[in-house]
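Chemist:
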Amino acid sequence: CTCDEADSYSLVVGTSARETLTRPCRSRRDIPFRTPRPRFPRSGVASRLESTSFGLSLKMKFTLVLLALAALATQTLAFRSAFVAAPVSSASSARMTTRGNLVMRARNCDLTGKRPNRDAMVVTFSHKRNKTVQYVNLQNRRFWWEEGSRYVRMRVSTKAIKTIKKYGLEESAKKYGVDLSKF
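Using the numbering used here, you'd call the opening residue of the sequence shown number 2 and step up by one each time.
(1) Compute the beta-carbon to beta-carbon distance between residue 115 and residue 137, rounded to the nearest angstrom, for a pair I have assumed lies under 8 angstroms.
(2) What does residue 72 pair with, by DSSP beta-bridge criteria?
(3) Please classify residue 111: is it buried, with 16 or more other beta-carbons within 10 angstroms of its beta-carbon, or exposed?
(4) Pull up the distance between the alpha-carbon of residue 146 and that of residue 169, whole angstroms please.
(5) Check for me: the alpha helix (DSSP H) holding residue 173 runs from which residue to which?
(6) Would you mind sorting residue 122 into buried or exposed? The rule is 16 or more other CB atoms within 10 Å of its CB.
(7) Roughly how many angstroms lie between the CA atoms of residue 162 and residue 183, to the nearest whole one?
(8) With DSSP as the reference, identify every bridge partner of residue 139, one or two as the case may be.
(9) Helix, strand or coil for residue 126, going by three-state DSSP, please let me know.
(10) Report back the beta-carbon spacing between residue 153 and residue 181 to the nearest angstrom; my notes put them in contact at under 8 angstroms.
(11) Give me the Cα-Cα distance between residue 64 and residue 76, rounded to the nearest whole angstrom.
(12) Straight-line CA distance for residue 177 to residue 142?
(13) How would you label residue 150, buried or exposed, when you count the other beta carbons within 10 angstroms and need 16 or more for buried?
(14) Is DSSP giving residue 113 helix, strand or coil here?
(15) In angstroms with no decimal places, state the Cα-to-Cα distance between residue 108 and residue 74.
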């Protein structure tokens, strides 16, 4: 700046009125260059944590040790459970395996075999035709099977639920040719 007179600027201090302060005008060339300070100054503990061996902080080493202990504990538990024999009845294990295998299934009714209509179209007011899928209204239900003297868990359509209410589970299964022992 080429001006020699002092700049004046205003500063609001606390609750008092405005005060006008004066300071000399300085150009950027007059201000010495300083490296910027870190935003958050390091305390003694933080600087000691960072200056450990292998370039890892003490926090990181502690976290790695905890992860290693957790992995060791889970391996020990898995290793121990592999050799412990638990008594399991054959009927319950057969039921669990069939239910466990049916994780990803098609959206079909277990009783009637109804499947989604994939050839459906929605016709708009301007007579555009958009392809859609009309899905089956499937419900997860538990039905009491008297001959098997147990509950049967099935994914059935609402039409199949009405059929079971009308004819009963055993007769409906015979009508559609379904083996209830698989459920």
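The C-beta atom is built at its ideal place from N, Cα and C for all residues, glycine as well.
Quick caveat: nothing in here was measured; it's all calculated off a predicted structure.
Modeler: On the basis of the supplied data:
(1) What you label residue 115 is simply residue 114 of the sequence shown in a count that begins at 1. What you label residue 137 is simply residue 136 of the sequence shown in a count that begins at 1. Approximately 5 angstroms separates the beta-carbon atoms of residue 115 and residue 137; this is inside 8 angstroms, confirming the contact.
(2) As a first step, residue 72 is located in the sequence shown; it is residue number 71 there, counting from the start. Answer is none; residue 72 lacks a bridge partner.
(3) Residue numbering aside, residue 111 sits at position 110 when the sequence shown is read from its first letter. That one is buried.
(4) Locating residue 146 in the sequence shown gives position 145, counting from the first residue. Locating residue 169 in the sequence shown gives position 168, counting from the first residue. So the alpha carbons of these two residues sit roughly 9 angstroms apart.
(5) Within the sequence shown, residue 173 is the residue found at index 172, counting from 1. Element bounds for residue 173: 170-177.
(6) Residue numbering aside, residue 122 sits at position 121 when the sequence shown is read from its first letter. Counting the other CB atoms within 10 Å of its CB gives residue 122 a total below 16, which places it among the exposed residues.
(7) One-based indexing of the sequence shown puts residue 162 at position 161. One-based indexing of the sequence shown puts residue 183 at position 182. Computed Cα separation, rounded: 18 angstroms.
(8) Residue 139 sits at position 138 when you count from the first residue of the sequence shown. DSSP output for residue 139 lists 158 as bridge partner(s).
(9) One-based indexing of the sequence shown puts residue 126 at position 125. DSSP places residue 126 in coil when its eight states are reduced to three.
(10) Here residue 153 refers to the residue found at position 152 of the sequence shown. Here residue 181 refers to the residue found at position 180 of the sequence shown. Confirmed, about 6 angstroms.
(11) Locating residue 64 in the sequence shown gives position 63, where the first residue counts as 1. Locating residue 76 in the sequence shown gives position 75, where the first residue counts as 1. Those two C-alpha atoms are separated by around 18 angstroms.
(12) Position 176 of the sequence shown, counting from 1, holds the residue named residue 177. Position 141 of the sequence shown, counting from 1, holds the residue named residue 142. In a straight line, the C-alpha of residue 177 is about 18 angstroms away from that of residue 142.
(13) Translated into the one-based positions of the sequence shown, residue 150 becomes position 149. So residue 150 counts as exposed.
(14) Within the sequence shown, residue 113 is the residue found at index 112, counting from 1. Coil, per DSSP.
(15) The count along the sequence shown starts at 1 and reaches residue 108 at position 107. The count along the sequence shown starts at 1 and reaches residue 74 at position 73. Straight-line Cα distance between these residues: approximately 41 angstroms.
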